[in-house]
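> One structure, pasted below without further comment.
Residue numbers (the numbering used here): 3 to 716.
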């Protein structure tokens, strides 16, 4: 069950020639693929590109009509390997995945693909995840493009430019026999706009047709001596062909008037630059600029002659390159040096070496450049708002950080509450984490697991500690990570090396952290994918015998006892606990509409809610330290005899019961209670509720009366 359905929006993918498409970048990318005769599409979900996979999944009827093969791949490596179909056959293919982590996983397939070269157009749509909104290590895809010689497109973040980049990417790939990466940042994925559509095109050669006429060419196999010839082919043929195409088609753009200074900008950073120039009064809302701009819609390869032509007659040039190292700035500096040019190149220094180029960062750097390169122009324009603003205080000194955390009702929370209870009993253990929601357990209040080496590699990260010791190492991995890479890399490694460690597989039925896509072990029916394949059977299949299945993680006592057993048993070999409960976000997405419809129809519905008896709560807050649920907070009483706040459950509670389970397992206090909210009660229930309300009201009035009498006596 994906985070969002695009069933309605995908109908716009059927628009024909001359019509206007309006929507967001993800949908525009899909439409562009169909307009350009793509023959097959694959990928693996991951921000900021997850929704592209969801759109493709929802558009399978249309893809089938056009003869386009769609595959939701097990991981990025499997996706990249799909592009092998374009090596021998003139079929256009595209795959998509998250930026640098995706190319890391796919690196073996991508390197082989770049070596052999392609016959059909091969496009890798990469969701670049750099900056303060990122969920990964801060690296860039650019380095991989340089390493394996992929041409890298970085189009301006508007729908016409993105759509054109898809067309240009396929043609550039075919002309130069080289795979092409199309990079889209998070703002490009979700930018909204419109463009004129073309008719969708069936692939000139479908994968079905290719099977009827198989081809092979040993010259494209990456083995000596062919691999040596591939390297020469890259330099002597593919690179010149790419440069020729880029120049002739004018994929890079030169905007603005002639002047003795100018700005070079990555296409994806164009909007930020124009906004800064607007604030300085040097550009209008349509992008017309008083400053010369060289827009690099292709950031690799860089075209020496084209850049030097832009620099002709200029004294100063600013390079806007987000992230580090400064690959583009260094290369452009090399072009100037070899040409013995006197142009002064600016970049890092005015801009920070690392970090996201926010609006304020862009404005400050461009202003600093113009003070040097065109002080008269800067002085002549109307001063931008807030140019004389006071210094912004460093809020990190006063505002606490807000790292990600588990959702209200998350079924992973009780797993870590149980681990904390076992830790209190048996002592602290070496714990390795993995990529996924469970990584939040490394933060307070749990502080469990302090390292992660990659998706599916949690148990493998503990291999160095698996030689025996006073305490067994523990690894945590999710069901998404298990099927992505964990089964082959981590658990096969544990089985083969006769590990004595413990692994806990957090099975929440989906690849939840990437948006709730189905995986092999999902419990839901899926018309196009194989689900309902138990993780425990896969573990047994590779020889792991000690496997414990828990089908309700909210049973904290059972979780605690099973974890303790795994850490203390004398049984040899790996110990694996599969802890299963449905992701609460997906459960709520499914159940809330059904519940709302039932209530509207007048059917009786019970909704559990939990609360805390203020008179019983001791105020020691141990329940919060073992749960950390966002709905569990503090409340101050109007009681002069009780200074400390008590625990309180707010209206965001989803009724999972974890708080009460934790309190019971940890033998804390009996202040938690459950109340079932009844919608559309029966007549008998309504009469009973009214009677109870009268009795309770009478008791409250009598108590208040006694208080008044006692107060008067005082």
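All C-beta atoms in this analysis are idealised placements derived from N, C-alpha and C, irrespective of residue type, glycine included.
With DSSP run on the structure shown, which of helix, strand or coil describes residue 519?
strand
> Tell me whether residue 48 is buried or exposed, calling it buried when 16 or more other Cβ atoms sit within 10 Å of its Cβ.
buried
> Return helix, strand or coil for residue 350, following the three-state DSSP convention.
strand
> Checking the sheet assignment: what are the DSSP bridge partners for residue 509?
582
> Name, in chain order, the residues that DSSP records as bridge partners for residue 185.
128
> State the DSSP-derived secondary structure class of residue 374, mapped to helix, strand or coil.
helix
> Whole alpha helix (DSSP H) runs in the stretch 280 to 334 with 4 or more residues, listed along the chain?
306 to 313
> Suppose the cutoff is 8 angstroms on Cβ atoms and the five residues either side in sequence are ignored; what does the same chain contact list for residue 387 look like?
Since pLDDT at residue 387 reaches only 49, below the 50 mark, its modelled position is unreliable, and the value read off the structure follows with that caveat. The answer, listed in chain order, is 281.
> Whose C-alpha, out of 564, 81, 577, is nearest the C-alpha of residue 542?
577
> Please report how far the alpha carbon of residue 641 lies from the alpha carbon of residue 647, in whole angstroms.
Here the C-alpha atom of residue 641 lies approximately 10 angstroms from the C-alpha atom of residue 647.
> In the DSSP assignment, what residue or residues form a beta bridge with residue 637?
648
> Along the chain, where does the beta strand (DSSP E) that runs through residue 90 open and close?
Going by DSSP, residue 90 is part of no beta strand (DSSP E) but of the alpha helix (DSSP H) stretching over 87 to 90.
> Which of the three DSSP states, helix, strand or coil, is assigned to residue 550?
strand
> Could you compute how far the alpha carbon of residue 662 sits from the alpha carbon of residue 12?
44 angstroms
> By the three-class DSSP mapping on this structure, what secondary structure does residue 12 have?
helix
> Under 8 angstroms: do the stretch 63 to 81 and the stretch 228 to 236 share three or more Cβ pairs, one atom per stretch?
no
> By how many angstroms is the C-alpha of residue 207 removed from the C-alpha of residue 111?
Using only the alpha carbons, I get a separation of about 23 angstroms.
> Name the two residues that bound the continuous alpha helix (DSSP H) containing residue 249.
First-last of the alpha helix (DSSP H) with residue 249: 241 to 251.
> If you follow the alpha helix (DSSP H) that residue 610 is in, where does it begin and where does it stop?
Where residue 610 is concerned, there is no enclosing alpha helix (DSSP H), although the beta strand (DSSP E) it sits in stretches over 607 to 614.
> Do you know offhand how far residue 323's Cα is from residue 525's?
45 angstroms
> Would you say residue 155 and residue 195 are within 8 angstroms of each other, going by their C-beta atoms?
no
> At the level of alpha carbons, what is the spacing between residue 411 and residue 511?
Approximately 15 angstroms between the Cα atoms of the pair.
> Using DSSP's beta-bridge definition, name the partner residues of residue 267.
297, 322
> Taking residue 655 as the reference, give the member of 665, 677, 673, 666 with the closest Cα.
677
> Looking only at its chain, what residues have a beta carbon closer than 6 angstroms to the beta carbon of residue 331, apart from the 5 residues adjacent to it on each side?
Contacts found: 321, 323, 349.
> Between the Cα of residue 307 and the Cα atoms of 254, 172, 355, 285, which residue gives the shortest distance?
254
> Is there contact here, the stretch 216 to 224 with the stretch 165 to 180, by at least three beta-carbon pairs under 8 angstroms?
Too few Cβ pairs lie closer than 8 angstroms, so no.
> Less than 7 angstroms between the CB of residue 450 and some heavy atom of the ligand SAH, yes or no?
With respect to the ligand SAH, the structure offers nothing, as it holds no ligand at all.
> Do you know how far the Cα of residue 85 is from the Cα of residue 729?
Nothing in the structure corresponds to residue 729, since the chain is present only between 3 and 716.
> Verify whether the separation of the beta carbon atoms of residue 94 and residue 44 is less than 8 angstroms.
no
> For residue 104, which of 480, 260, 437 has the nearest alpha-carbon?
437
> Within 10 angstroms of its Cβ, does residue 698 collect 16 or more other Cβ (buried), or is it exposed?
exposed
> Taking only runs that begin and end inside the stretch 178 to 232, name each unbroken beta strand (DSSP E) of 3 or more residues, in chain order.
182 to 187, 194 to 198
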